[in-house]
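K.L.:
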Amino acid sequence: MKLQHHIGGLEGLDPINFETKVFVEPWEKRIFGIHTAMMALSNHLGESRPNYPIGQVPTQFKSFWTWGHLRMGAEGMNPFEYFRLRYYEKWLGGISGFFVEEGYITQEELDARTAQYLEDSEAAPLPSGGDPAIDDQLLKYLTEGDSPLRPSTDTPKFSLGDRVRVKQVLSGDHTRLPGHIRGRAAEVVKVYEGAFTYFFPTADGIGTPMPVYSLAFKATDLWNKALTDDNMVYYNDIFEVYLEAL
């Protein structure tokens, strides 16, 4: 697993960015909008909750795209590039690479269009137009979302107050398990109702609906005592497949 998933409590990652603005540059809003539109037009929405009539939406985007895919693209980056680039620069790289991989544009076409905008953005205006049916789908998605909650079919393995240990799951692919809590003990402080799925199956076991728990870790069990104190508690929500009885 890449370095960027083991940074919980890691020292020396200066400089720390305390920027509070959601969007620092105007182009970042457009990247966020593109990502949102891709999620709202993803081909999996016909089987999601709520169900969307995505096959009737007149869009040329026919691919599978979710938050998970965006995160997977960031995880595939070289760790040094990951820390060098700003937040929406990572998004831009992942989304651009996805469109090339899916065949919507070639790398040569992307490079040529990029050079055109860099040379004179006013001479290369952005596309205009749109389709009201696509706009309606985007607004519906923004309002109703894409819920991972499913009816519970299995009894949760753990109960409130149980002591559990996070498994040492080693995965070179996409994961939802933070590196700094692997192998650590915790207490179950909440068992969420229902079961939760993930957008797609991963090599380390998530994808099918399963219970999710809120765990409480003693901060001193995770980090050097010089960096914390005995009264600090760290919470994390974890899929059941990542846990074992202590």
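Numbered per the UniProt record's numbering, the sequence shown finishes at 246, counting up by one with no gaps. Just so it is clear, CB atoms sit at the ideal spot from N, CA and C, and this is done for glycine as well.
Are the CB atoms of residue 148 and residue 200 nearer to each other than 7 Å?
P.N.:
Against the sequence shown, residue 148 aligns to sequence position 148. Against the sequence shown, residue 200 aligns to sequence position 200. No, these two residues do not count as a Cβ contact at 7 Å.
K.L.:
Any idea what DSSP makes of residue 7, helix, strand or coil?
P.N.:
If you number the sequence shown from 1, residue 7 lands on position 7. Coil at residue 7, not helix or strand.
K.L.:
Keeping to the same chain, check which residues put their C-beta closer than 6 Å to that of residue 44; ignore five residues upstream and five downstream.
P.N.:
If you number the sequence shown from 1, residue 44 lands on position 44. Within its own chain, the residues whose Cβ lies closer than 6 Å to the Cβ of residue 44, once the five positions on either side in sequence are excluded, are 64, listed in chain order.
K.L.:
On the criterion of 16 or more Cβ atoms from any shown chain inside 10 Å, does residue 106 qualify as buried, or is it exposed?
P.N.:
Numbered from its first residue, the sequence shown carries residue 106 at position 106. That one is exposed.
K.L.:
Out of 109, 203, 87, 243, state which residue places its alpha-carbon closest to the alpha-carbon of residue 19.
P.N.:
What you label residue 19 is simply residue 19 of the sequence shown in a count that begins at 1. Nearest of 109, 203, 87, 243 to residue 19, Cα basis: 87.
K.L.:
To which residues of the same chain is residue 96 closer than 7 Å at the C-beta, ignoring the five residues directly before and after it?
P.N.:
Walking along the sequence shown from the start, residue 96 turns up at place 96. Cβ within range, chain order: 110.
K.L.:
Can the beta-carbon of residue 217 be found closer than 7 Å to that of residue 234?
P.N.:
The residue given as residue 217 occupies position 217 in the sequence shown. The residue given as residue 234 occupies position 234 in the sequence shown. Their beta carbons are under 7 Å apart, which means residue 217 touches residue 234 by this criterion.
K.L.:
Taking 6 Å as the cut-off, does the CB of residue 97 come closer than this to any heavy atom belonging to the ligand SAM?
P.N.:
In the structure on display, the ligand SAM does not appear, and there are no ligands present to speak of.
K.L.:
Tell me where the beta strand (DSSP E) around residue 30 begins and ends.
P.N.:
Position 30 of the sequence shown, counted from the first residue, corresponds to residue 30. Taken as a continuous stretch (DSSP letters only), residue 30 belongs to no beta strand (DSSP E), being part of the alpha helix (DSSP H) at 26-40.
K.L.:
Does the pairing of the stretch 169-186 with the stretch 229-243 give three or more beta-carbon distances under 8 Å?
P.N.:
yes
K.L.:
Return helix, strand or coil for residue 195, following the three-state DSSP convention.
P.N.:
The count along the sequence shown starts at 1 and reaches residue 195 at position 195. DSSP, read as helix, strand or coil, puts residue 195 in strand.
K.L.:
Among the candidates 29, 58, 224, 103, whose CA atom is the shortest distance from the CA of residue 131?
P.N.:
The residue labelled residue 131 in the question sits at position 131 within the sequence shown. The shortest Cα separation from residue 131 among 29, 58, 224, 103 belongs to 58.
K.L.:
On the CB-based measure, 16 or more other CB atoms within 10 Å of its CB, does residue 90 come out buried or exposed?
P.N.:
The residue you call residue 90 lines up with position 90 of the sequence shown. Counting Cβ neighbours within 10 Å, residue 90 comes out buried, since at least 16 surround it.
K.L.:
Can you say whether residue 41 is buried or exposed, counting buried as having 16 or more other CB atoms within 10 angstroms of its CB?
P.N.:
Counting from one through the sequence shown, the residue named residue 41 turns up at place 41. Buried, because 16 or more other Cβ atoms sit within 10 Å of the Cβ of residue 41.
K.L.:
Figure out for me which residue from 102, 126, 103, 101 has the closest Cα to the Cα of residue 113.
P.N.:
Indexing the sequence shown from 1 puts residue 113 at position 113. Comparing Cα positions, the closest option is 126.
K.L.:
Kindly indicate which residue of 156, 228, 146, 238 has the alpha-carbon position closest to the one of residue 49.
P.N.:
On the sequence shown, residue 49 is found 49 positions in, with the first residue counted as 1. That would be 146, whose Cα lies nearest to the Cα of residue 49.
K.L.:
Distance check for residue 168 and residue 248, CA to CA, integer angstroms please.
P.N.:
Summary: the structure shown does not reach residue 248, with the chain confined to residues 1 through 246, and so no result is reported for it.
K.L.:
Using a 10 Å radius around the Cβ and a threshold of 16 neighbouring Cβ atoms, would you call residue 94 buried or exposed?
P.N.:
Numbered from 1 along the sequence shown, position 94 holds the residue referred to as residue 94. The residue in question, residue 94, is buried, as its Cβ has 16 or more Cβ neighbours within 10 Å.
K.L.:
Taking residue 154 as part of the beta strand (DSSP E), name the residues at either end of that continuous run.
P.N.:
Sequence index remark: in the sequence shown, residue 154 carries index 154 (1-based). That residue, residue 154, is in no beta strand (DSSP E); it is neither H nor E in DSSP.
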